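Structure first, commentary second.
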Amino acid sequence: MKFGLLPRIIVAILAGVGLGLILPDSILGITESLRVLLSGLLKFFIPLIVLAFIGAGIADFRGKVGKLLSTSVILAYVDTVIGIALAVVVAVLVIPQITSQGDPSKAGNELPEPFFEMIIDPPLAILTALLLAFILGIGATWDSSTVIRDGLLQFRDIVLWSIRAIVLPVIPFFIGLTFIKLAAEGEIFNNIPVFLGMFLLIVVMQWVWLAIEYGVAGAVSRQNPLRMIKAMIPAYFTGMGTMSSAVTMPVALKQVHSSKMIDDDVTDFAIPLFNTVHQAAAGIGIAVAAMTVSVLTTGSLPDTGSIVAFVILLAVIEVGAVGIPGGSILASLGILQSTLGFGEAELGLMLTLFAIQDSFATAGNVTGDGALTMIVNKWFGKGPGSSDTDRPAADKESADVSD
């Protein structure tokens with residue numbers, strides 16, 4: 112039986128808490144050294160992930176920029192940025208009330224200095240990597256830029272291999288070392304009620320956003336959204352069980368077809384596309400967790416300017432950084448660091464908190480795809496069951512983009 116990432120993270124948390132309570136200072140100096148080292152290693156890959164996946168994702172649009180594709184991607188971004196913004200507004204109002212149940216201001220035990228320090232500097236700043244990804248990705252869509260396009264796609268393959276071979280195996284160890292630190296400082300147990308309240312808020316906000324998505328979809332399409340919600344229930348529970356949008360996608364595709372509400376060609380195009388570019392529920396989970404971690408570690412919420420930049424960039428990441436194992440959170444670490452000023456401990460907490468609620472995020476992402484497909488069908492569909500020959504030629508070409 113395969114021992115997945117989430118079970119490994121849970122073991123790492125339990126081991127980290129246990130060791131943090133009993134290890135002497137001489138050993139804690141060594142664990143702190145390893146934590147700093149692994150933190151540097153993870154930070155090294157963050158701009159590479161942003162550059163590789165966003166750049167290659169844009170390059171993949173070459174020759175496929177029909178109206179259906181461009182409209183669907185814009186719709187996914189607008190949906191995601193509004194969902195994240197709403198979650199942040201609610202979190203700003205609610206999180207300070209939840210954190211009053213913990214004790215974020217209590218000073219923890221002072222840890223010994225790291226026994227040794229090996230600093231690994233990232234090759235690019237996060238925003239530099241994001242801008243470079245857009246420039247290279249757009250340039251790679253030109254017919255004469257085949258070398259750049261092939262290079263971006265091959266670079267994405269290299270980074271994907273690095274994630275699977277290096278980053279994902281390292282994450283449980285980094286989380287374990289982070290929880291050794293938190294347990295040794297004596298702060299972790301004070302904030303258990305806060306984490307429980309945060310998880311409840313995340314799930315409620317994801318459900319609220321699904322209700323809004325389907326309410327808007329029903330109003331735009333003038334169809335009963337409850338029919339699509341009922342059809343997507345198996346996809347929701349499949350997403351919870353698999354924690355993989357890619358694995359859940361065939362179920363979502365089957366369920367949308369079974370609803371008899373959507374043009375078959377629109378379904379075959381939109382569901383695979385939204386499966387990769389629509390991750391609003393994951394963005395909501397990251398946003399609420401980020402506000403919680405900020406209050407717990409600094410005693411206050413980020414300033415308004417930082418929050419606005421965070422929302423805009425997080426939505427870009429959720430739409431652009433597709434196909435990454437472990438998904439949204441890996442690509443989001445960079446903007447958590449650059450816009451909210453998160454350090455090693457905060458990033459370790461974010462990795463942990465997101466992994467634990469990842470099943471709800473996956474389920475919400477996949478289920479929301481049905482609502483967006485209803486809207487796209489209103490604009491481009493020819494009626495349930497229509498054939499590919501009914502679709503305009505430009506949009507037939509766009510339909511090739513299923514992943």
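Count along the sequence shown from 1, add 111, and you get the number used in this note's numbering. Just so you know, even glycine gets a beta-carbon here, dropped at the ideal spot from N, CA and C. Just so you know, these numbers come straight off a predicted model, no measurement behind them.
Item: So, does the region 376 to 393 touch the region 355 to 368, judging by three or more C-beta pairs under 8 Å?; Value: yes
Item: How many Å lie between L407 and T210 at the Cα?; Value: 7 Å
Item: Give a yes or no on contact between the region 301 to 313 and the region 145 to 154, applying the rule of three or more CB pairs nearer than 8 Å.; Value: no
Item: Excluding the 5 residues flanking D499 on each side, which residues of the same chain have their C-beta closer than 6 Å to its C-beta?; Value: The pLDDT assigned to D499 is 46, lower than 50, so where the model puts this residue is not dependable; a value taken from the coordinates is nonetheless given after this. Here the set comprises D376.
Item: Which stretch, first to last residue, makes up the alpha helix (DSSP H) that contains H368?; Value: 356 to 369
Item: Can you tell which of V430, G481, I418, M485 has the C-alpha that lies nearest to the C-alpha of L197?; Value: I418
Item: Just to confirm my understanding: we take G166, look at its own chain, exclude 5 residues before and 5 after, and list those with CB closer than 7 Å. What are they?; Value: A244, L247, G248, L263
Item: Have a look at A392, G394, M372, T450 and flag the residue whose alpha-carbon is nearest the alpha-carbon of G492.; Value: M372
Item: Between the alpha carbons of R338 and G140, how many angstroms are there, rounded?; Value: 58 Å
Item: Check each candidate in M485, A398, L241, G416 and name the one with the smallest Cα separation from L464.; Value: A398
Item: Would you say I133 and I286 are within 8 Å of each other, going by their C-beta atoms?; Value: no
Item: For the alpha helix (DSSP H) containing G248, list its first residue and its last residue.; Value: 237 to 251
Item: For K341, count the other beta carbons within 10 Å of its own beta carbon; 16 or more makes it buried, fewer makes it exposed. Which is it?; Value: exposed
Item: Let me know the secondary structure DSSP gives I373 once reduced to three states.; Value: coil
Item: Please state whether DSSP places M339 in a helix, a strand or coil.; Value: helix
Item: Measure the C-alpha to C-alpha separation of A456 and T191 and round it to an integer number of angstroms.; Value: 27 Å
Item: Which value, in whole angstroms, describes the spacing of the CA atoms of G168 and L321?; Value: 26 Å
Item: Looking at the unbroken alpha helix (DSSP H) that takes in R146, where does it start and where does it end?; Value: 136 to 170
Item: My guess is that L270 and I160 are in contact by the Cβ rule of under 8 Å, so how many angstroms apart are they, rounded?; Value: First, the amino acid is wrong: residue 270 is Val here, not Leu. That pair is a contact at about 6 Å.
Item: Could you pull out every unbroken alpha helix (DSSP H) segment of at least 4 residues lying fully inside the region 377 to 462, listed in chain order?; Value: 391 to 409, 415 to 431, 439 to 451
Item: Thinking C-alpha only, which one of N488, L425, L153, L462 is nearest V189?; Value: L425
Item: Comparing the CB of M339 with every heavy atom of the ligand FAD, is any distance shorter than 7 Å?; Value: In terms of ligand content, the structure shown is empty, and the ligand FAD therefore cannot be addressed.
Item: S355: which of N476, G297, S443, Q317 sits nearest, CA to CA?; Value: N476
Item: Quick one, which of A202, A240, G410 has its alpha-carbon nearest F156's?; Value: A240
Item: Below 8 Å between beta carbons: does that hold for T484 and Y347?; Value: no
Item: If you draw a straight line from the C-alpha of V128 to the C-alpha of V122, how long is it?; Value: 10 Å
Item: Let me know the secondary structure DSSP gives Q265 once reduced to three states.; Value: helix
Item: Please confirm whether Y188 has its beta-carbon closer than 8 Å to some beta-carbon of chain D.; Value: Protein chains in the displayed structure number just one, and chain D is not present.
Item: Along the alpha helix (DSSP H) that carries V319, what are the first and last residues, could you check?; Value: 303 to 332
Item: Using beta-carbon positions only, say whether G131 and A294 come within less than 8 Å of one another.; Value: yes
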